[in-house]
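Enquirer:
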Amino acid sequence: MGSPNFIIFFICHYFLCHHNPQAALYPRLDNTTDQEALISFKSSLIGHPHGALDSWHPNTSFCKWQGVLCNFVKRRVIGLQLGGHSLIGQISPHLTNLSFLRILELQGNNFSGGIPVEIHRLFRLRVLNLSSNNLHGTIPPSLSCCSRLRVIDVYKNELHGRIPSDLGSLSELQDLNLGRNNFSGTIPSSFGNLSSLNKLNLITNNLEGPIPLEMGRLNRLWYLQLGENLISGSFPTQLMNISSLNMFCLAKNEFSGKLPSNLFIALSLSIAYFGGNLFDGQIPESLSNASTLERLDLSENQISGEIPSLWKLEKIQYLNLEMNNLTSDGKEGLNFITSLTNSTSLKVLSAATNSLTGQLPRSIGNLSTQLSKLLMAENQLSGTIPEEIENLVGLISVSLPVNAFTGNIPSSLANLKNLQILSLESNFLSGSIPETFGNLSELSQFTVNNNNLGGKIPPTLTNCERLLVFDLSENGLIGNLPDEIFSFKNLLVFNVSVNNFTGYLPSEIGKLSMVQQVDVARNQLSGPIPSTIGNCLNLEILIMFSNAFEGSIPISLANLKGIIFIDISSNRLSAKIPSLDGLNYLQYLNLSFNKLQGEVPKSGIFLNTSAVFLSNNTELCGGIVELGLPKCPVESSHKRKTGKLIAGVLVGGIGVCIAVSLGLIFLTRRKRHGKMEVTLFEGPHRQYSYYELKHATGDFANENLIGKGSFGSVFKGIMRDGTSIAIKVIDLDNRGGAKGFLTECEVFRNIRHRNLVKILGACSSLDFKALILEYMPNGNLETWLHRRGGGRSSEAWLTLKQRIEIALDIAAAMEYLHHGLETPVVHCDLKPSNVLLGEEMTAHVADFGMARVLHVQADSTNPSQSITSGLRGSIGYIAPEYGYGVGISTKGDVYSYGILLLEMLTGRSPTEEIFSGEINLQKWVQVGIPNMVIDILDERLKQLSFHIQIVEHLIVVLNIGLACTNDSPNERPEMKQVYTSIQRIQSLLFK
Numbered sequence: 001m002g003s004p005n006f007i008i009f010f011i012c013h014y015f016l017c018h019h020n021p022q023a024a025l026y027p028r029l030d031n032t033t034d035q036e037a038l039i040s041f042k043s044s045l046i047g048h049p050h051g052a053l054d055s056w057h058p059n060t061s062f063c064k065w066q067g068v069l070c071n072f073v074k075r076r077v078i079g080l081q082l083g084g085h086s087l088i089g090q091i092s093p094h095l096t097n098l099s100f101l102r103i104l105e106l107q108g109n110n111f112s113g114g115i116p117v118e119i120h121r122l123f124r125l126r127v128l129n130l131s132s133n134n135l136h137g138t139i140p141p142s143l144s145c146c147s148r149l150r151v152i153d154v155y156k157n158e159l160h161g162r163i164p165s166d167l168g169s170l171s172e173l174q175d176l177n178l179g180r181n182n183f184s185g186t187i188p189s190s191f192g193n194l195s196s197l198n199k200l201n202l203i204t205n206n207l208e209g210p211i212p213l214e215m216g217r218l219n220r221l222w223y224l225q226l227g228e229n230l231i232s233g234s235f236p237t238q239l240m241n242i243s244s245l246n247m248f249c250l251a252k253n254e255f256s257g258k259l260p261s262n263l264f265i266a267l268s269l270s271i272a273y274f275g276g277n278l279f280d281g282q283i284p285e286s287l288s289n290a291s292t293l294e295r296l297d298l299s300e301n302q303i304s305g306e307i308p309s310l311w312k313l314e315k316i317q318y319l320n321l322e323m324n325n326l327t328s329d330g331k332e333g334l335n336f337i338t339s340l341t342n343s344t345s346l347k348v349l350s351a352a353t354n355s356l357t358g359q360l361p362r363s364i365g366n367l368s369t370q371l372s373k374l375l376m377a378e379n380q381l382s383g384t385i386p387e388e389i390e391n392l393v394g395l396i397s398v399s400l401p402v403n404a405f406t407g408n409i410p411s412s413l414a415n416l417k418n419l420q421i422l423s424l425e426s427n428f429l430s431g432s433i434p435e436t437f438g439n440l441s442e443l444s445q446f447t448v449n450n451n452n453l454g455g456k457i458p459p460t461l462t463n464c465e466r467l468l469v470f471d472l473s474e475n476g477l478i479g480n481l482p483d484e485i486f487s488f489k490n491l492l493v494f495n496v497s498v499n500n501f502t503g504y505l506p507s508e509i510g511k512l513s514m515v516q517q518v519d520v521a522r523n524q525l526s527g528p529i530p531s532t533i534g535n536c537l538n539l540e541i542l543i544m545f546s547n548a549f550e551g552s553i554p555i556s557l558a559n560l561k562g563i564i565f566i567d568i569s570s571n572r573l574s575a576k577i578p579s580l581d582g583l584n585y586l587q588y589l590n591l592s593f594n595k596l597q598g599e600v601p602k603s604g605i606f607l608n609t610s611a612v613f614l615s616n617n618t619e620l621c622g623g624i625v626e627l628g629l630p631k632c633p634v635e636s637s638h639k640r641k642t643g644k645l646i647a648g649v650l651v652g653g654i655g656v657c658i659a660v661s662l663g664l665i666f667l668t669r670r671k672r673h674g675k676m677e678v679t680l681f682e683g684p685h686r687q688y689s690y691y692e693l694k695h696a697t698g699d700f701a702n703e704n705l706i707g708k709g710s711f712g713s714v715f716k717g718i719m720r721d722g723t724s725i726a727i728k729v730i731d732l733d734n735r736g737g738a739k740g741f742l743t744e745c746e747v748f749r750n751i752r753h754r755n756l757v758k759i760l761g762a763c764s765s766l767d768f769k770a771l772i773l774e775y776m777p778n779g780n781l782e783t784w785l786h787r788r789g790g791g792r793s794s795e796a797w798l799t800l801k802q803r804i805e806i807a808l809d810i811a812a813a814m815e816y817l818h819h820g821l822e823t824p825v826v827h828c829d830l831k832p833s834n835v836l837l838g839e840e841m842t843a844h845v846a847d848f849g850m851a852r853v854l855h856v857q858a859d860s861t862n863p864s865q866s867i868t869s870g871l872r873g874s875i876g877y878i879a880p881e882y883g884y885g886v887g888i889s890t891k892g893d894v895y896s897y898g899i900l901l902l903e904m905l906t907g908r909s910p911t912e913e914i915f916s917g918e919i920n921l922q923k924w925v926q927v928g929i930p931n932m933v934i935d936i937l938d939e940r941l942k943q944l945s946f947h948i949q950i951v952e953h954l955i956v957v958l959n960i961g962l963a964c965t966n967d968s969p970n971e972r973p974e975m976k977q978v979y980t981s982i983q984r985i986q987s988l989l990f991k
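Just so we're aligned, residue 1 is where the sequence shown starts under the UniProt record's numbering, counting upward by one.
1. Rounded to whole angstroms, what is the Cα-Cα separation between S579 and I914?
2. Rounded to whole angstroms, what's the CA-CA distance from Q317 to N342? Just pull it up for me.
3. Taking the straight line between their C-alpha atoms, what separation do you get for I11 and T186?
4. For A414, does the three-state DSSP call read helix, strand or coil?
5. Which residues bound the beta strand (DSSP E) around V518?
6. List the DSSP bridge partners of E208.
7. Contact between the region 117 to 137 and the region 55 to 65: three or more CB pairs below 8 Å?
8. Could you tell me whether the Cβ atoms of K312 and N289 are closer together than 7 Å?
9. Could you check whether the Cβ of L176 sits closer than 6 Å to any heavy atom belonging to the ligand FMN?
10. Give the DSSP-derived three-state secondary structure of N71 in the structure shown.
11. With a threshold of 16 other CB atoms inside 10 Å of the CB of L230, please say whether the residue is buried or exposed.
12. Taking only the alpha-carbon atoms, compute the straight-line gap between Q380 and V402 and give it to the nearest angstrom.
13. Looking only at its chain, what residues have a beta carbon closer than 6 Å to the beta carbon of P164, apart from the 5 residues adjacent to it on each side?
14. Alpha helix (DSSP H) containing I806: first to last residue?
15. What are the start and end residues of each continuous beta strand (DSSP E) run of 3 or more residues lying completely inside the region 173 to 198, in chain order?
16. If you draw a straight line from the alpha carbon of L95 to that of L38, how long is it in whole angstroms?
17. Count the other CB atoms within 10 Å of the CB of E881; is the residue buried (16 or more) or exposed (fewer)?
18. Taking the straight line between their C-alpha atoms, what separation do you get for I485 and Q420?
19. Leaving out five residues on either side along the sequence, give the residues of the same chain with a beta carbon under 7 Å from the beta carbon of L395.
20. Straight-line CA distance for M247 to W222?
21. Does any CB atom of chain B fall closer than 7 Å to the CB of A611?
22. Just the Cα atoms here: how many angstroms apart are F970 and S896?
23. Could you check what DSSP says for T502 in three-state terms: helix, strand or coil?
24. Do L122 and C146 have their C-beta atoms within less than 7 Å of each other?
25. Starting from the C-beta of G737, find all residues in its chain whose C-beta is less than 7 Å away, skip the five residues before and the five after it, and write them out in chain order.
26. Any idea what DSSP makes of M247, helix, strand or coil?
27. Is the CB-CB distance between L461 and G431 below 7 Å?
28. Based on Cα-Cα distance, which residue from E172, S169, T204, G192 lies nearest to F183?
29. What is the rounded straight-line gap between the Cα of G113 and the Cα of L245?
30. Excluding the 5 residues preceding and the 5 following G476 in the sequence, name in chain order all residues of the same chain whose CB lies nearer than 8 Å to its CB.
31. In the DSSP assignment, find the alpha helix (DSSP H) that holds V956 and state where it starts and stops.
32. Restricting to runs no shorter than 4 residues, where is the alpha helix (DSSP H) found entirely within the region 376 to 456?
33. Relative to the C-alpha of N523, which residue among R752, L400, G479 is closest?
34. In three-state DSSP terms, what is N134?
35. For L321 and Y273, I'd like the C-alpha separation in whole angstroms.
36. Can you look up L583 in the DSSP assignment and give me helix, strand or coil?
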């Protein structure tokens, strides 16, 4: 207590709290002041949608108002408890006039703005709960002047900056919850002075550095949550002196070194989360004696050695050891499983992704009947799967893939009535699929691929009505594909490839209306491809190569508008190739090694020689020159037939090699990026190589990552000539990524405008796709509106002039898309994150991955197309009619623009928690027009002094936004009208 730092800290704190130059200005407060403070608090709110403050009438006693607690002797307010009432507004500084206030609970509302700097005036305050709001700014250091505080809870807000070290003076503080904010810097060493502290929660911030040694003095602490930060250093041994510690979380940080061997002796922990760090060494020996432990997570570290005996873990419920380097080749072996039979409350056991060997003991059947997840994937376990597993009647998930299990699949698994996931792929299992598996009525994922299974598919599997993933590939299954297995209404993946199935493919396949992938390749299926395949409207991948299908290619394939990949090569298909012009997202088409005849189409995918494979179809002709096929003869001759035959054989020999290679690349999605790039643009756009982009981004290093979205990531790159570029790398594992890439390419072929992002070129191979865009140094509008910058300074913000000019730029871009082209383009995803800002803060609309080109001008009553694949756009910005299946139209973009315009002036996102139930951004703005316009503006604009004429112009702009967001599409203006209106306002405001 006598250290120099401690003395300096308390001297500074004394001057902070007792030498305030404004203290003499504070009036003497009384009962009347309390009522005035409450009324001022209510009047500062924008809304209280659930009527929580309806009882707050000046003509009634404030002590009877909802949420107000009074001392009935002195008639002073001692508590304000208004949690969970969806109150909207800012916390009025007038509340600090409640000088007798002891409890302030405003959690679970929609307060924005900052914590009032005058809060230190509440010197009697004991409980401060502001959690689950939208507060930002910093914690006022003067809060430490409220020396009687026992609870500070600001969990789940947007507070930032360093945690004030002055809080370390609060000697009565018991609960400090600063979790889920944006605090940075280190944990203050002054926290070691919080002698009464029981709970400390700092989860999900940006804290860094080591844990202060001084925290070892917190001898009353029982709950310590430091997860999801950037805290580093070795395990904090100073905390092992806190014998009261019960819940201890260091997960997802950057700790390294070994865990202390006596960890679980020194601390009687119930919960210990240490996963997601860099810990190495062995599991502490003391774990064997951790009799109080209920939850333990050591996953995602570098821990090695054997798992010790766990006989004394009688209370353990959750045990996660996955993704380490654990082994079982010593004396302990897999005995830890047997030792867990004493743990009658065990619910989750995971030792996946380690190096465990040996055979699962039969004692596994003696584990807790409450066990819901048994996860042992990616080890080297061998032998048979114990039949005794049937005793674990609570199992929901059994995951044992990528091991070396042999023998039959235990039929006893059918007794697990709650089983939803059965994952046994990549083992050496043999025998047949048990008939009894039809009893697994809750099963949603059944994956037994890459084994040695034989026999037929049991028709009883039709009882598994909840199946989503059905993968039997790479086995030795025989017989026909039973009609019954195509009755899974919600099935997403159907894969029976690389087996020995015979007979016809049942027409019932058309019942799989939700299926996205069908793979029946490398079997002995024959007969025609069912025309009903065209009913699988959500199909994206169709693989049927190496069978004996015959007849023509079904013209119903043209119905599969979302198809990306088709391989029906190496069959006996004949007749002409049907038109596939409508398959705009098709990237790969392999028809080689069939008996197709006639002229090859010269449209659609057939213009892309890198994506079409037609070799060994000796009677095909025509097509584009690059395909190398002979011209279709006007009159036949023996010479021409002979020439076609020779040409077909030569082209076929080369083509099939390319086809097989690229097909394998596409299917496996390996990280080896090919050099075959698709020609996507003409004219000034250039083709970039993968290796150019890799060099420009430092191998796509994280420090060059400037953005991430649902369809990919954006990196900054520096080319060899010093030019900065933005590289949008498409996530090909995302269902819509490849579609969005092709859509952007199609749109950018034909559009040019100063307010649209400029595309420089593309890089495209089957396993890597990227768009190269002009680099925008000032980031996106989303960042400027909601994160105070993202440009040159974290304190930068948009002026009113900049906001109006950006709104005009966006309107100009949308007016061009809707009215300046021969075929209108609907963006379908207009929002702030898709508006990029150039060097001079000029706005550029970007991301056309969801765009649609309208073949006729569409309005709300005459849409160009209906929506068959779900809502298009982002929550909060989607036009309401899209939710009812109304076709895509330009009026949908108008709605999105209106939301964006309101957001730019108010600083409020349409997805904020305050906008729930009947309250949305539009209604919130309507409440403020015309008398409370200043109150609804972005708080950074409120600091400006507005002339009455400026306010009138702002009302016009807000009304434009409201008109654009009219529920009826027919009542919304066209973008050319919006552009003209914004242009006029801009000229009036900034002559």
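Just so you know, even glycine gets a beta-carbon here, dropped at the ideal spot from N, CA and C.
Expert: This is what the structure gives:
1. 51 Å
2. 11 Å
3. Caution applies to I11, whose pLDDT of 49 falls short of 50 and renders its modelled position unreliable; the value that the coordinates give is listed next. Distance between the alpha carbons of I11 and T186 is about 22 Å.
4. helix
5. 517 to 519
6. L230
7. no
8. yes
9. With respect to small molecules bound, the structure shown includes none, and the ligand FMN cannot be examined in it.
10. strand
11. exposed
12. 8 Å
13. I139, P141
14. 800 to 819
15. 175 to 177, 182 to 185
16. 7 Å
17. buried
18. 18 Å
19. L371, S372, L374, L416, N418, L419
20. 6 Å
21. Note that chain B does not occur in the displayed structure, where there is just one protein chain.
22. A small correction: the amino acid at residue 970 is Asn; Phe does not occupy that position in the sequence shown. One C-alpha to the other measures close to 15 Å.
23. strand
24. yes
25. F711, G712, I730, D731
26. strand
27. no
28. T204
29. 36 Å
30. N452, L453, G454, N499, N500
31. 948 to 964
32. none
33. G479
34. coil
35. 11 Å
36. coil
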